[in-house]
Amino acid sequence: MTQANDLTERALALVDESFIAASGPGGQNVNKVATAVQLRLDVFALRLPPPVFHRLKALAGSRMNARGEIVLT
Numbered sequence: 131m132t133q134a135n136d137l138t139e140r141a142l143a144l145v146d147e148s149f150i151a152a153s154g155p156g157g158q159n160v161n162k163v164a165t166a167v168q169l170r171l172d173v174f175a176l177r178l179p180p181p182v183f184h185r186l187k188a189l190a191g192s193r194m195n196a197r198g199e200i201v202l203t
């Protein structure tokens, strides 16, 4: 397995998904149904080399929180 494939496999194993209530109009389902997916990736657990980590942090911007998680909704 190549190094890139190994990193991809590790990253996919670290992704945590949760279902949340989406914002916006929902009609009768508002506040009742989880209609959005939130993905979290623990970047610290990937153990990336420092230059790669800093580039990823810059690209993620506000999507990376103080705990080193990239959060996508």
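So for the sequence shown, this note's numbering puts the first residue at 131; every next one is plus one.
Built from N, CA and C at the ideal position, the CB exists for glycine as well.
Bear in mind that the values here come from a model prediction, so they are computed numbers and not experimental data.
Nonlocal neighbours in the same chain, by C-beta distance under 6 Å from residue i, ignoring five residues either side
{"i": "Thr165", "result": "Ala152"}
Residue i, enclosing beta strand (DSSP E) - first and last residue
{"i": "Arg170", "result": "166–172"}
{"i": "Val145", "result": "145–150"}
Candidates the options: closest to residue i by CA position
{"i": "Val145", "options": "Lys187, Phe174, Ala134, His184", "result": "Phe174"}
Continuous alpha helix (DSSP H) stretch holding residue i: start and end
{"i": "Val201", "result": "Note, Val201: premise wrong, no alpha helix (DSSP H); beta strand (DSSP E) at 199–202."}
{"i": "Leu178", "result": "Leu178 -> no alpha helix (DSSP H), and no H or E assigned at all."}
Sequence-distant residues of the same chain with beta carbon closer than 8 Å to residue i, five excluded per side
{"i": "Glu199", "result": "Arg170, Leu171, Asp172, Val173"}
{"i": "Asn195", "result": "Val201"}
Residue i and residue j closer than 7 Å at C-beta
{"i": "Phe183", "j": "Val167", "result": "no"}
Inter-residue Cα distance where the pair is residue i and residue j
{"i": "Leu189", "j": "Gly154", "result": "27 Å"}
{"i": "Pro179", "j": "Thr138", "result": "15 Å"}
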